[in-house]
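Below is one structure, written out as structure tokens; comments come after it.
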Amino acid sequence: MTTAYTIHPIVMGTKVFDKSYMTYQYGQGETYTIPIFTWLIQGGDQTLLVDTGEMNPIQSQDREEAIGGKIYTFEQGLAEYGLTPADIDIVVHTHLHMDHCENDYKCENALFYIHEQELASVHTPHPLDYRYLSDYIDDIEENGQIRIITKDTEIIDGIRVMHTPVHTKGGLTVFINTQKGLAAITGFCIIDENYNPPPEIRGMEMDLIPPGTHVDAYSAYDIMERVQREADILIPLHEPRFAAIKVIG
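Structure representation (structure tokens):
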């Protein structure tokens with residue numbers, strides 16, 4: 000029998016920017032706050048995280064009110080579940096933009112699953128993509144903690160990854176078996192509205208909105224549709240409502 004897991008969103012940072020960073024060609028001029036999550040996956044005999052968040056998140060009342068939930072440091076967030084960074088066995092990275100990997104070095108006992116194209120991007124980033132900084136993975140690379148993903152694969156029983164080059168070339172969407180169905184933590188930076196666009200977008204015969212930052216808008220749209228077809232539970236990577244949710248699945 001396939002292992003069933005629970006998913007625990009932990010806010011470990013925020014960003015405030017124009018909403019169109021999330022929703023391509025829509026929401027321009029609207030200030031929007033997104034949470035940055037570490038996703039704790041429990042249920043098997045190994046402790047797994049999806050991404051590690053920001054090292055020094057802004058913990059302020061206005062940021063917490065904007066997302067509707069508490070903001071933690073890495074250590075504080077893990078401590079809510081009786082864990083420390085040394086207890087983490089596996090980290091799966093959706094991608095290597097700074098806000099998703101700043102605490103990697105703290106997980107001294109973990110194996111890190113990263114797509115080969117993401118590793119290439121972090122070491123030789125295009126000038127347009129300023130969000131990469133290899134300093135944050137230097138330690139885990141030097142320590143031999145990285146396991147390179149080259150194709151869609153199962154990480155452990157009930158948890159698999161799909162290469163989804165939507166937001167970045169090496170993006171990985173993480174599919175997790177839960178008691179309520181197959182959940183997908185998207186490997187691309189979106190909110191609920193990307194998959195549930197308003198009437199004015201649907202009126203243009205578009206069923207979804209690609210992220211504002213993308214590799215290619217056309218392929219992004221098609222890949223997002225594929226993820227939607229495969230998942231029973233969609234978990235957009237930066238959706239604020241998850242800041243108030245303790246468990247999914």
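Under numbering that gives the first Met the number 0, the residue at position 82 of the sequence shown is numbered 81, and the numbers go up by one with no gaps.
The beta carbon of each residue, even a glycine, is placed where N, CA and C say it ideally should be.
The model shown is predicted, which means the values in this text are computed figures rather than measured ones.
Going by DSSP, Leu77 is part of the alpha helix (DSSP H) stretching over Phe73 to Ala78. Contact between the stretch 123-132 and the stretch 10-18 is not established, with fewer than three Cβ pairs separated by less than 8 Å. Taking a C-beta distance under 7 Å as the contact criterion, Met161 and Thr172 qualify as a contact pair.
Secondary structure of Val246 (DSSP, three-state): coil.
Judged by DSSP secondary structure, Arg62 falls within the alpha helix (DSSP H) whose first and last residues are Gln60 to Ile66. Judged by beta-carbon spacing, Gly202 lies beyond the 7 Å limit of Thr5, meaning their Cβ atoms are not closer than that value. Here Gly180 is bridged, per DSSP, to Thr177. Using a Cβ distance threshold of 7 Å, Ile148 and Asp103 do not count as a contacting pair. Residue ranges of uninterrupted alpha helix (DSSP H) with 4 or more members are absent from the stretch 1-63; none lies entirely inside it. Three or more Cβ pairs closer than 8 Å define a contact, and the stretch 31-40 falls short of that threshold against the stretch 200-214. According to the DSSP assignment, Glu229 belongs to the alpha helix (DSSP H) that extends over Ala216 to Glu229.
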